[in-house]
Every structure is written in C-alpha cells, then in structure tokens.
Amino acid sequence: MTNAAVMERENAAAAVCPASWERVRMRLKAALGEATFKSWLGSLQYEGIEARQLQFTVPTRFIREWITSHYADDILNFWKIEDPTLISLEIRVRPNTTQRVIPAAQEVSKPAHPSVAVEEPIKAEAVTSAGAKELNDSSWYIGAPLDPRYTFDNFVVGKPNELAHAAARRVADNDKVMQGCNPLFLYGGVGLGKTHLMHSIAWQIRRSNPGRKVIYLSAEKFMYQFIRALRFKDALAFKEQFRSVDVLMIDDVQFISGKDSTQEEFFHTFNALVDQNKQLIISCDRSPSDLEDMEERIRSRLGWGLVADINATTYELRLGILQSKVEKMQGVFVPPKVLEFLAHKISSNVRELEGALNRVVAHSTLVGRAITLENAQEVLHDLLRANDRQITVEDIQKQVASHYNIKVSDMHSARRARTVARPRQVAMYLAKKLTSKSLPEIGRSFGGKDHTTVMHAVKRVEELCKMDNDFAKDVELLTRIFCQTG
Ligand code: ADP
Ligand code: MG
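Given below as structure tokens:
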C-alpha cells in the first residue's frame, strides 16, 4: 500500500471514530507519552461497542499481545470515564495487514539501550513475508529487561557468595549444558545478589554465544503470562515459547509455591527443557527443601542439579562492594573511614548498603560539602537505627543464658528442670517480641522444638509477668538491654 493510500485509510478510520475515542486517545497520550502511544497504540483501530465490550483491531498478533498485556486496563479505564457501563475490551488482528505498521513497532523493539529486551520473539501471524523476516530477527523480544549494571565485572566475590558465583560463571562460560549443573539453583535472602548473578549469566551468554536463546523472567511474570495464555486460550503458544529456548532463567521461584496450576505448568516446562538438555537456572529465597508449599516431586526435582547458596554478607565483602561502587563513581571521594563505618553498620543486605552509599554521596553533592563521618551519620540516622535494631535469636539466647547463669547449650536442650526451662521460655518470648522470626523458625533455633512449644512459652511468660513482679522486672531489664545496644 502506498503512503497516500495509508493516509486515506487512516482518515477514513478517523472519520468514523466517535468523539469519545478521540478523548480517550488524548488521555492515553497524556498518560503514556507521545512516543509510546505512537509506537504501540497508533495502529489501534476502533471498531465499535458490542454488548458493553469495546472492540478494536490491530495489524499483527504481536501488537495485539503487547497492547493486551500492557495497555488494556488503561484503555478500558479511560473509556469508562466516557461510558461507565463498559465491562471489557477485545482486540482482534485485522485480516488485511500492510507493512506500514512494522517499522512503528520496530522502533521500540530495537532499543538503543540494552536493557530493554530478553525474552522471546513472538511469531506474528498475518504479516507479509517482508514483515515476517523482520519478526524473526533477534530484535523481536518482549518482557523482562536485563539490567546493564548487573554483570560479572560488577559483582564482588567474597566468602558468602563464592560458590554461587563460581557456579554461575561455570554455566555462563560453557556452551553446553553442564552435567550436574542442571538446574542451577541459586538461593539466598533478599538483596544478596541472586538477580545480579542471573543477569550476569544472561549477558555473558549473549556476548559469547549470541545464537543461544536465553530467556530471563521472574516467576511472577511466568505466572502472569501463563494465566494470560489461559485467558486467551493460547496455552499452546505459551508452552511453545518457553520450550524453544536454550537457557531459561526463572527468578524468585518461591513466588509460585502454593499456586497450583502455575506450579504444574512450571513443572512441565521444566521437565520438557531438562529432557531436551536445555539449561535451567532458578533463583529462590530459600533452599528447595524449604519450599513448603511446593509439591514434593517439584521440590526434589529442583534440587537435582547444583544447589548453591548465597550467605549473609560479611564485613569484608560489604567493604569490598562499597569500594568497588565508589571506584565507578567518577569524581567522588568517600573517605575510607566512612566506607568502613557503612560496612560495619549496614549489615542487612547489599541493596540497603548501596542505597546508603548513594544517599551519602547524593547529599554531599546537593549541599556541596565533602563527605565526612559526621554528615554520613546524620544523613543515615533513620537507616542506622533500623539496622541497629536487628537482634538475632542467638544474641537473645546468649544474653538470657548469661543473665540466668546457665549454659547456652541449655537453650537447645530438652531438659525440663525449671532452672533451665524457665530461662529458655524467656528467651523464646523475647525472640518472638524482638525479632521478625516466625514461631516455627524460633522453635528450630531452640534445638528443633515445635511452634506450639514457642507459643506456650510466650503465653507462660506473659502470665508470669502479671503474677510475679520480680520476674516481670527481669524480663523488662532484658528487653531494655536489647533495645539499647542491639
Ligand atoms: P536479590 O536478587 O538476591 O534480592 P539483587 O541481585 O537484586 O539481590 O542485589 C541487590 C543489589 O545489590 C543489586 O543492586 C546488586 O547489584 C547488588 N549486589 C548484590 N551482591 C553484590 C555483589 N557481590 N557485588 C556487587 N553488587 C552486589
Ligand atoms: Mg532478585
């Protein structure tokens, strides 16, 4: 179709557009920005309203998928301002497609920034052969972005993460699937570098072997796509998408535990890929065996390959990370004393540590003053207080044991003599009050006791505090010790 013909057709379409669609378009433009609107919604053609359902057409299936997953709610909600009785929206692919739409979407799908693209090329139906060729290009991806900062170069290795790092490197550096490393299961607490390592693997593979198809996505997104596929009766295409990859990475897999049908689909995808000798990389906030709401067969299969944990950071690692970050900030000088102070004080996780450093640097830039220990303390006083308050069950056990003059090992024992049983109950009570640990977790820290034992201890201590003034004072004193010194 010639340009003139395209314009003519557009004018004709505009002519039949109701004024409300024009207003909705204006709102969408304002909300999404001109460029996004043009790239994705420019080819959206209004077809009418039927049975309270808005109807549109678009030129390709790819655009349909994209609009459906990203903008359908906005479109519907903006149109509800015009007509509150509307309940849904349908987008169909126009049977007669011209080439003109392809460049429009391509602008967005070939980003200058590398962080826009990892997932799967969606095969478009109803495009001309020239268009189909474009679509088979590696540029046709949707989904989870890779963070350009998350590379192996930017990852500081230390004792707590060396195993996970070595495993990640091994998987990334080998073109073939490593026996014994499939799946690679990385686990550790929040903000310790799981996502960073996964993105590093993806970047590395894309660089050294661009022909390998890598998909990175969060388990949440996996579930979302799966549900959407079901809704659009597209489950087969969904399966095909994931089953045609070479390396599949699913981040934060704990998210799908307890969600039965997603779990099931994940399991099938997982098995299909492993059977075809494709590499799988999974991250999780806990070990496979601790995934309580995951089916047993899935749990055990997750642990078949290499399971690598990332432990809580050490002072040395935190300092190393801070130094490496500062090196990359041009023209910024942070005195070693300040870095040591931060590494010492912000021990919760690397994300907070980075955040603290950034705050200190941003503050000094804003007010135009050099960074000193004093102003770092001032800028971070709220954060520091929160980190100070992190009390561990171990701290409590030690303190309570020494207060009552018993051995710390008695905290873990099953001895019922009152001289040890009472202090143990006090420690359980304080653990419940002063930490964020759950009852079962606390029970485990006390030599594998049941959560009902902990619950009983908490109740008992509360009762005793009401009945026995001296005892109450003891407990209060202990509580105060923790709240002062952390
Ligand atoms: P998780 O996925 O485990 O919650 P992330 O991978 O998102 O954690 O890491 C949180 C932040 O800390 C990120 O900005 C990441 O770059 C940084 N980070 C974590 N570990 C390291 C490390 N060893 N070296 C450098 N940066 C790290
Ligand atoms: Mg993460």
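Per our numbering, residue 5 is the first one in the sequence shown, and the count goes up by one each step. Glycine included, C-beta positions come from ideal geometry on N, C-alpha and C. For clarity, every value in this text was computed on a predicted model and none was experimentally measured.
Heavy atom of the ligand ADP less than 8 angstroms from the Cβ of Glu-358, yes or no? As a first step, residue 358 is located in the sequence shown; it is residue number 354 there, counting from the start. True, at least one ligand heavy atom lies under 8 angstroms from that Cβ.
Among Gln-429, Glu-467, Thr-439, Glu-320, nearest to Lys-453 - alpha-carbon criterion: As a working mapping, residue 453 is identified with position 449 in the sequence shown. That would be Gln-429, whose Cα lies nearest to the Cα of Lys-453.
Can you check whether the CB of Ala-276 is closer than 9 angstroms to the CB of Lys-225? Here residue 225 refers to the residue found at position 221 of the sequence shown. Here residue 276 refers to the residue found at position 272 of the sequence shown. Not a contact, by the Cβ cut-off of 9 angstroms.
For Pro-99, is the classification buried or exposed, using 16 other Cβ atoms within 10 angstroms of its Cβ as the cut-off for buried? Numbered from its first residue, the sequence shown carries residue 99 at position 95. Burial call: exposed.
So what does Cys-469 bridge to, in DSSP terms? As a working mapping, residue 469 is identified with position 465 in the sequence shown. Per DSSP, none; premise fails for Cys-469.
In terms of residue numbering, what span does the beta strand (DSSP E) encompassing Arg-96 cover? Position 92 of the sequence shown holds residue 96. Start and end: 92–97.
Consider the C-beta atom of Lys-198 and the heavy atoms of the ligand MG; say whether any pair is separated by less than 8 angstroms. Translated into the one-based positions of the sequence shown, residue 198 becomes position 194. Yes, since a heavy atom of the ligand MG falls inside the 8 angstroms radius drawn around the Cβ of Lys-198.
If you drop the 5 nearest sequence neighbours on each side, which residues of the same chain put their C-beta closer than 6 angstroms to that of Gly-37? In the sequence shown, the residue the question calls residue 37 occupies position 33. Excluding positions up to five away in sequence, the list is empty.
So, under 8 angstroms CB-CB, Ala-206 and Ile-254 are touching, yes? Tell me the CB distance rounded to an integer number of Å. On the sequence shown, position 202 is the one that residue 206 refers to. On the sequence shown, position 250 is the one that residue 254 refers to. That belief does not hold up - the Cβ atoms of Ala-206 and Ile-254 are roughly 12 angstroms apart, past 8 angstroms.
How would you write the range of the beta strand (DSSP E) that Ser-287 sits in, first residue to last? Translated into the one-based positions of the sequence shown, residue 287 becomes position 283. Element bounds for Ser-287: 283–288.
Distance CB(Asp-179)-CB(Asn-213) smaller than 9 angstroms: Taking the sequence shown and counting its residues from 1, one reaches residue 179 at position 175. Taking the sequence shown and counting its residues from 1, one reaches residue 213 at position 209. Yes.
Heavy atom of the ligand MG less than 8 angstroms from the Cβ of Asp-313, yes or no? The residue you call residue 313 lines up with position 309 of the sequence shown. No.
Between the stretch 392–407 and the stretch 426–442, are three or more C-beta pairs nearer than 8 angstroms? yes
Is Leu-361 close to the ligand ADP? I mean its beta-carbon at under 8 angstroms from any heavy atom of the ligand. Your numbering for residue 361 matches position 357 in the sequence shown. Not so, every heavy atom of the ligand ADP lies at least 8 angstroms from the Cβ.
Contacts around Glu-296, its chain only, beta-carbon distance under 8 angstroms, and the 5 residues preceding and following it disregarded: Locating residue 296 in the sequence shown gives position 292, counting from the first residue. Closer than 8 angstroms at the Cβ level, and outside the excluded window around Glu-296, lie Ser-261.
Classification of Arg-322 by the beta-carbon crowding that lies within 10 angstroms, buried from 16 upward: Along the sequence shown, one-based indexing puts residue 322 at 318. It counts as buried.
Between which two residues does the alpha helix (DSSP H) containing Met-30 stretch? Within the sequence shown, numbered from 1, the residue matching residue 30 stands at position 26. Segment 23–36, the alpha helix (DSSP H) holding Met-30.
Under 8 angstroms from any heavy atom of the ligand MG, does the C-beta of Asp-179 make it? The sequence position of residue 179 within the sequence shown is 175, counting from 1. No, since every heavy atom of the ligand MG falls outside the 8 angstroms radius drawn around the Cβ of Asp-179.
Can you find the residues in the same chain that come closer than 6 angstroms, C-beta to C-beta, to Trp-308, ignoring five residues on each side of it along the sequence? Residue 308 sits at position 304 when you count from the first residue of the sequence shown. The answer is none, since no qualifying residue turns up.
Over what stretch of residues does the alpha helix (DSSP H) that includes Thr-317 continue unbroken? Numbered from its first residue, the sequence shown carries residue 317 at position 313. Counting along the chain, Thr-317 falls outside any alpha helix (DSSP H), and DSSP gives it neither H nor E.
Range of the contiguous beta strand (DSSP E) that encloses Lys-57: Locating residue 57 in the sequence shown gives position 53, where the first residue counts as 1. The sequence given here places Gln at residue 57; Lys does not occur at that position. First-last of the beta strand (DSSP E) with Gln-57: 57–62.
So what does DSSP say about Tyr-50, is it helix, strand or coil? Here residue 50 is taken as the residue at index 46 of the sequence shown, counted from 1. If DSSP states are grouped into helix, strand and coil, Tyr-50 belongs with the strands.
Inter-residue spacing [alpha-carbon to alpha-carbon] between Gly-490 and Leu-167: Sequence index remark: in the sequence shown, residue 490 carries index 486 (1-based). Sequence index remark: in the sequence shown, residue 167 carries index 163 (1-based). Only weak support exists for where Gly-490 lies, its pLDDT of 38 falling under 50; the value from the coordinates is given anyway. Answer to the nearest angstrom: the Cα atoms are 31 angstroms apart.
Exposed or buried, Gly-197, counting other C-beta atoms within 10 Å across all chains shown (16 or more means buried)? By one-based count along the sequence shown, residue 197 stands at place 193. Per the 10 Å Cβ criterion, buried.
Unbroken alpha helix (DSSP H) run spanning Tyr-527, endpoints: Missing from the structure shown is residue 527; the chain here goes from 5 to 490 and no further.
So the alpha helix (DSSP H) Ser-413 belongs to, where does it begin and stop? In the sequence shown, residue 413 corresponds to position 409, counting from 1. Here the alpha helix (DSSP H) through Ser-413 covers 413–416.
Using only the alpha-carbon positions, how far apart do Val-371 and Leu-377 sit? Counting from 1 along the sequence shown, the entry for residue 371 is found at position 367. Counting from 1 along the sequence shown, the entry for residue 377 is found at position 373. So the two alpha carbons sit approximately 15 angstroms from each other.
Report yes if the C-beta distance between Ser-352 and Gly-195 is below 9 angstroms; otherwise report no. The residue given as residue 352 occupies position 348 in the sequence shown. The residue given as residue 195 occupies position 191 in the sequence shown. Yes, they are a contact pair.
Provide the residue(s) that pair with Ile-219 in DSSP beta bridges, ordered along the chain. Reading the sequence shown from its first residue, position 215 is the one you call residue 219. According to DSSP, which records beta bridges pairwise, Ile-219 is partnered with Leu-252.
Which partner residues does Leu-310 have in the DSSP bridge list? On the sequence shown, position 306 is the one that residue 310 refers to. According to DSSP, which records beta bridges pairwise, Leu-310 is partnered with Leu-188.
Hey, how far is the Cα of Arg-56 from the Cα of Thr-273? Looking up residue 56 in the sequence shown gives position 52. Looking up residue 273 in the sequence shown gives position 269. Taking the straight line from one Cα to the other gives about 37 angstroms.
Give the range of the alpha helix (DSSP H) segment to which Phe-271 is assigned. Here residue 271 refers to the residue found at position 267 when the sequence shown is read from its first residue. Taken as a continuous stretch (DSSP letters only), the alpha helix (DSSP H) holding Phe-271 covers 264–279.
Cβ separation of Phe-60 and Ile-85, assumed to be a contact under 8 angstroms, to the nearest whole Å: Here residue 60 refers to the residue found at position 56 when the sequence shown is read from its first residue. Here residue 85 refers to the residue found at position 81 when the sequence shown is read from its first residue. Going by Cβ atoms, the distance from Phe-60 to Ile-85 rounds to 17 angstroms, so no, they are not a contact pair.
Buried or exposed: where does Lys-463 fall if 16 or more other Cβ atoms within 10 Å of its Cβ makes it buried? Position 459 of the sequence shown holds residue 463. Classification of Lys-463: exposed, given that the 10 Å Cβ count is below 16.
Determine the direct distance from the alpha carbon of Glu-466 to that of His-385, and round the result to whole angstroms. By 1-based counting over the sequence shown, the position of residue 385 is 381. By 1-based counting over the sequence shown, the position of residue 466 is 462. So the alpha carbons of these two residues sit roughly 33 angstroms apart.
Tell me, to the nearest whole angstrom, how far the beta carbon of Glu-269 is from that of Phe-230; I am working on the premise that it is less than 8 angstroms. Residue numbering aside, residue 269 sits at position 265 when the sequence shown is read from its first letter. Residue numbering aside, residue 230 sits at position 226 when the sequence shown is read from its first letter. Right, their Cβ atoms sit about 5 angstroms apart.
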